[in-house]
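Peer 1: Chains as they are written, first to last, in this note's numbering: chain E, 8 to 169; chain D, 364 to 856. Every residue, glycine too, gets a C-beta built ideally from N, C-alpha and C. Sharing a structure below in structure tokens format, with a few things to ask.
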């Protein structure tokens, strides 16, 4: 119980820090710390799949993306692009993919029930691929929307009439 | 077979970058508009099938293997699909000329197609999480489209829209999570049955409150409207037409009413909250619109006001009120789509959105002036145009239900609406031609065609409203008045 409360306080504390800190790098790290707290809460609540997703995607991948973006952007007076992110990011990305494959494979093969608390639940793989198949279509559409929005925002500016 | 409503726009969107490589303008214009035309024709075919066969559930079969991808079609879904397809086709036709100077048309159409897929998906799914998912699909595409001009105003408006939309999504997701925890299901049937069996009215009421906050933000109901007057005017005109004409209705009004009527069940308390929210919106939106000088901003505030009428009619919950509310969804989608497109034509010709700087444009742009007049009078509720009948039905429903105060406010707000639309006519089109605009020309062919089609629909629906009400709006209203019977297992969808 004490650990649970400590984790919750930590989650809120790091979330607040992520908003209040003016240094973007520190804010991104605070967000990652908050995410790790949340993942630990998920594990303690017997929701390992959500915990793993939280750690791998939010604490892992998104933090890497944030830090890479912060490293690539500088104030206009100090534009000096470092080449390090170009090396670091692919390395992190490959490491993330390898870890994710191993973790997801283990989880899918373990065949643990999706919601241990409620009766009649299916293993994660069955729920993910068979029960919620339509969600995948929606997720593909979300990814498309995100990709095309990024392409639209970073396209060369045309001679817009207004 | 209703999967093409999602599959066609999504698949075409995924090929758009390739199409854009082959041809920068012609093929993206052609393919996107053919897809929109197909969706419109197909929605009419599906609606005719629905009239014969009744509500249906479709399951996707791939290589003789049943996939767990199901969608359901009833009168309300068919009504929304046809409305979406019609306004989208007109926005697509308008884009052929209007989007020439924005660059990267293929990317623009890809986002527009994804937004359409998101809206179509939202009206066809029967699962709380899938509602959320397709809500996000349409929303993410719309953030990109609002910022498409890449100007400072567009980017700021898009960011503001994104932030408030994220808050709205948060409320909706929390409510869905609680409902899932309570009922152990996400499909409409399991949630409807679970909620009835549970009897936990406070927990369900709390979730309904969260849904009102979330969907109210999406529908831009006052006081959750702050994002709309920035986002809608900043977007390119066809996207403003899509957002004001469709998106706020699909992701706000449709989603909210579908859940409240068919899943949780309407009750007097919920109805009263919606009626008050609608009335406040229609009054506040109309009064703020009156003070605007930017034509698109005025139209945006008008959307807030007209959403108020829709929510007032639907919140009343009587069969006539629901009929009027749904009819106004269509009429407002067409008329507001038309007016936003015309604001784009004016901006395209003059380079300004300020009503003060316009004047006498009817002499140089007669089609734009004529169709703007038709759209304005329709929204203001002048007979015999379409908007008159829907407002009349809402007001009659309020009087029938002895809600005289709400009826009076609706009538008075309609007068204010007429007032600010006449201001647009007077400042932009009537009077002496401003010398600055002597060289101004009428909008190009495709832009004019799109607005003329919408203008003719405003007139045609006004004349043949009885036929349309019976064949098209009534089945949609029946789906809502069926209440939770439609959501419970074995009784409907």
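Considering only the beta carbon of each residue, do residue 497 of chain D and residue 485 of chain D sit closer than 7 Å?
Peer 2: Locating residue 497 of chain D in the second chain gives position 134, where the first residue counts as 1. Locating residue 485 of chain D in the second chain gives position 122, where the first residue counts as 1. Cβ distance < 7 Å, so residue 497 of chain D and residue 485 of chain D count as in contact.
Peer 1: Excluding the five sequence neighbours on either side, which residues of its own chain have a C-beta within less than 8 Å of the C-beta of residue 699 of chain D, listed in chain order?
Peer 2: Within the second chain, the letter at position 336 stands for residue 699 of chain D. 604, 607, 608, 662, 665, 666, 669, 738, 742, listed in sequence order.
Peer 1: One question on the structure: do residue 25 of chain E and residue 34 of chain E come within less than 7 Å of each other, judged by their Cβ atoms?
Peer 2: Taking the first residue of the first chain as 1, we reach residue 25 of chain E at position 18. Taking the first residue of the first chain as 1, we reach residue 34 of chain E at position 27. For residue 25 of chain E and residue 34 of chain E, yes; Cβs fall inside 7 Å.
Peer 1: In chain order, what residues of the stretch 478-494 of chain D put their CB closer than 9 Å to some CB of chain E?
Peer 2: Those would be 478, 480, 481, 484, 488, 490, 492, 493, in chain order.
Peer 1: By the criterion of Cβ-Cβ separation under 9 Å, what are the contact partners of residue 163 of chain E in chain D?
Peer 2: The sequence position of residue 163 of chain E within the first chain is 156, counting from 1. What residue 163 of chain E touches in chain D: 466, 467.
Peer 1: Beta-carbon of residue 156 of chain E versus every beta-carbon of chain D: anything under 7 Å?
Peer 2: The count along the first chain starts at 1 and reaches residue 156 of chain E at position 149. So yes, residue 156 of chain E belongs to the interface.
Peer 1: Pairs of beta-carbons, one from the stretch 500-519 of chain D and one from the stretch 627-634 of chain D, closer than 8 Å: are there three or more?
Peer 2: At 8 Å Cβ cutoff, the stretches do not touch.
Peer 1: Counting beta carbon pairs with one atom in the stretch 488-503 of chain D and one in the stretch 132-149 of chain E, are three or more of them shorter than 8 Å?
Peer 2: Because the criterion of three Cβ pairs below 8 Å is met, the stretch 132-149 of chain E and the stretch 488-503 of chain D touch.
Peer 1: Using the three-state DSSP reduction, which class does residue 425 of chain D fall into: helix, strand or coil?
Peer 2: Translated into the one-based positions of the second chain, residue 425 of chain D becomes position 62. Looking at residue 425 of chain D - three-state DSSP - the assignment turns out to be strand.
Peer 1: Output yes or no for whether 7 Å exceeds the beta carbon distance between residue 601 of chain D and residue 454 of chain D.
Peer 2: Taking the second chain and counting its residues from 1, the one referred to as residue 601 of chain D is at position 238. Taking the second chain and counting its residues from 1, the one referred to as residue 454 of chain D is at position 91. Result yes, Cβ atoms of residue 601 of chain D and residue 454 of chain D sit closer than 7 Å.
Peer 1: Report all residues from its chain with a CB closer than 6 Å to the CB of residue 728 of chain D; omit the five preceding and five following residues, and keep chain order.
Peer 2: Here residue 728 of chain D corresponds to residue number 365 of the second chain, with the count starting at 1. Only 805 meet the Cβ criterion.
Peer 1: Please list the segments of the alpha helix (DSSP H) lying wholly inside the stretch 453-522 of chain D, counting only runs of 4 or more residues, in order along the chain.
Peer 2: 468-487, 491-509, all fully within the stretch 453-522 of chain D.
Peer 1: To which residues does DSSP link residue 419 of chain D through a beta bridge?
Peer 2: One-based indexing of the second chain puts residue 419 of chain D at position 56. Bridge partners of residue 419 of chain D: D:436.
Peer 1: So what does DSSP say about residue 30 of chain E, is it helix, strand or coil?
Peer 2: Mapped onto the first chain, residue 30 of chain E falls at position 23. Of the three classes helix, strand and coil, the one that applies to residue 30 of chain E here is coil, per DSSP.
Peer 1: Using the beta-carbon of each residue, which ones in chain E are nearer than 9 Å to residue 905 of chain D?
Peer 2: Missing from the structure shown is residue 905 of chain D; chain D here goes from 364 to 856 and no further.
Peer 1: Where does residue 717 of chain D sit, in a helix, a strand or coil, going by DSSP?
Peer 2: Looking up residue 717 of chain D in the second chain gives position 354. Residue 717 of chain D falls in the strand class under three-state DSSP.
Peer 1: Contact defined as beta carbons within less than 8 Å: I believe residue 151 of chain E pairs with residue 507 of chain D. What is the distance between those atoms, to the nearest angstrom?
Peer 2: Residue numbering aside, residue 151 of chain E sits at position 144 when the first chain is read from its first letter. Residue numbering aside, residue 507 of chain D sits at position 144 when the second chain is read from its first letter. Going by Cβ atoms, the distance from residue 151 of chain E to residue 507 of chain D rounds to 11 Å, so no, they are not a contact pair.
Peer 1: For residue 23 of chain E, which of helix, strand or coil comes out of DSSP?
Peer 2: Here residue 23 of chain E refers to the residue found at position 16 when the first chain is read from its first residue. In the structure shown, residue 23 of chain E sits in a helix (DSSP, three-state: H, G or I).
Peer 1: With distances taken from CA atoms, which of D:567, D:692, D:450, D:418 is nearest residue 813 of chain D?
Peer 2: For this step, residue 813 of chain D is matched to residue 450 along the second chain. Out of D:567, D:692, D:450, D:418, D:450 has the C-alpha closest to the C-alpha of residue 813 of chain D.
Peer 1: Would you check if there are 3 or more beta carbon pairs closer than 8 Å linking the stretch 785-796 of chain D to the stretch 715-728 of chain D?
Peer 2: As far as the Cβ criterion goes, the stretch 785-796 of chain D touches the stretch 715-728 of chain D, which means the pair count is three or higher.
Peer 1: Assign residue 71 of chain E to buried or exposed, taking buried as 16 or more other Cβ atoms, counted over all protein chains shown, within 10 Å of its Cβ.
Peer 2: Counting from one through the first chain, the residue named residue 71 of chain E turns up at place 64. The residue is buried, with at least 16 neighbouring Cβ atoms inside 10 Å.
Peer 1: Using 7 Å as the limit for Cβ to Cβ distance, is residue 64 of chain E near chain D?
Peer 2: For this step, residue 64 of chain E is matched to residue 57 along the first chain. No, residue 64 of chain E does not count as interfacial toward chain D.
Peer 1: Throw me the rounded Cβ distance for the residue 365 of chain D and residue 448 of chain D pair, which I believe falls under 8 Å.
Peer 2: Position 2 of the second chain holds residue 365 of chain D. Position 85 of the second chain holds residue 448 of chain D. Wrong, their Cβ atoms sit about 13 Å apart, outside the cutoff.
Peer 1: Starting from the Cα of residue 642 of chain D, find the closest Cα among D:679, D:379, D:372 and give me that residue.
Peer 2: Translated into positions along the second chain, residue 642 of chain D becomes position 279. Closest option to residue 642 of chain D, Cα to Cα, is D:679.
Peer 1: Answer with buried or exposed for residue 802 of chain D, where buried requires no fewer than 16 other C-beta atoms within 10 angstroms of its C-beta.
Peer 2: Numbered from its first residue, the second chain carries residue 802 of chain D at position 439. It counts as exposed.
Peer 1: Leaving aside the five residues before and after residue 584 of chain D along the sequence, list all residues of the same chain whose C-beta is less than 6 Å from its C-beta, in chain order.
Peer 2: Position 221 of the second chain holds residue 584 of chain D. Once the five neighbours on either side are set aside, the close Cβ partners of residue 584 of chain D are 640, 644.
Peer 1: Roughly how many angstroms lie between the CA atoms of residue 688 of chain D and residue 8 of chain E, to the nearest whole one?
Peer 2: By 1-based counting over the second chain, the position of residue 688 of chain D is 325. By 1-based counting over the first chain, the position of residue 8 of chain E is 1. For residue 688 of chain D and residue 8 of chain E, the distance between alpha carbons rounds to 51 Å.
Peer 1: Quick check on the burial criterion: 16 or more other C-beta atoms within 10 angstroms. Buried or exposed for residue 630 of chain D?
Peer 2: For this step, residue 630 of chain D is matched to residue 267 along the second chain. With fewer than 16 Cβ atoms within 10 Å of its Cβ, residue 630 of chain D is classed as exposed.
Peer 1: Smallest Cα separation from residue 567 of chain D: which of D:590, D:552, D:628, D:799?
Peer 2: Within the second chain, residue 567 of chain D is the residue found at index 204, counting from 1. Comparing Cα positions, the closest option is D:628.
Peer 1: Indicate whether residue 781 of chain D and residue 770 of chain D have their beta-carbon atoms separated by less than 7 Å.
Peer 2: Mapped onto the second chain, residue 781 of chain D falls at position 418. Mapped onto the second chain, residue 770 of chain D falls at position 407. Not in contact: residue 781 of chain D and residue 770 of chain D (Cβ atoms no closer than 7 Å).
Peer 1: Using a Cβ-Cβ distance under 7 Å, would residue 25 of chain E count as near chain D?
Peer 2: Reading the first chain from its first residue, position 18 is the one you call residue 25 of chain E. By this cut-off, residue 25 of chain E is not an interface position.
Peer 1: Which class does residue 386 of chain D belong to by DSSP, given the choice of helix, strand or coil?
Peer 2: By 1-based counting over the second chain, the position of residue 386 of chain D is 23. If DSSP states are grouped into helix, strand and coil, residue 386 of chain D belongs with coil.
Peer 1: Rounded to whole angstroms, what's the CA-CA distance from residue 693 of chain D to residue 367 of chain D? Just pull it up for me.
Peer 2: As a working note, residue 693 of chain D is residue 330 in the second chain. As a working note, residue 367 of chain D is residue 4 in the second chain. Cα to Cα, the separation comes out at about 22 Å.
Peer 1: Consider the Cβ of residue 533 of chain D: report whether some Cβ of chain E lies at a distance smaller than 7 Å.
Peer 2: In the second chain, residue 533 of chain D corresponds to position 170, counting from 1. Closer than 7 Å: no.
Peer 1: Among all the DSSP beta bridges, which residues are the ones paired with residue 142 of chain E?
Peer 2: Translated into the one-based positions of the first chain, residue 142 of chain E becomes position 135. None, per the DSSP bridge assignment.
Peer 1: Distance check for residue 548 of chain D and residue 160 of chain E, CA to CA, integer angstroms please.
Peer 2: Taking the first residue of the first chain as position 1, residue 160 of chain E is located at position 153. Taking the first residue of the second chain as position 1, residue 548 of chain D is located at position 185. One C-alpha to the other measures close to 38 Å.
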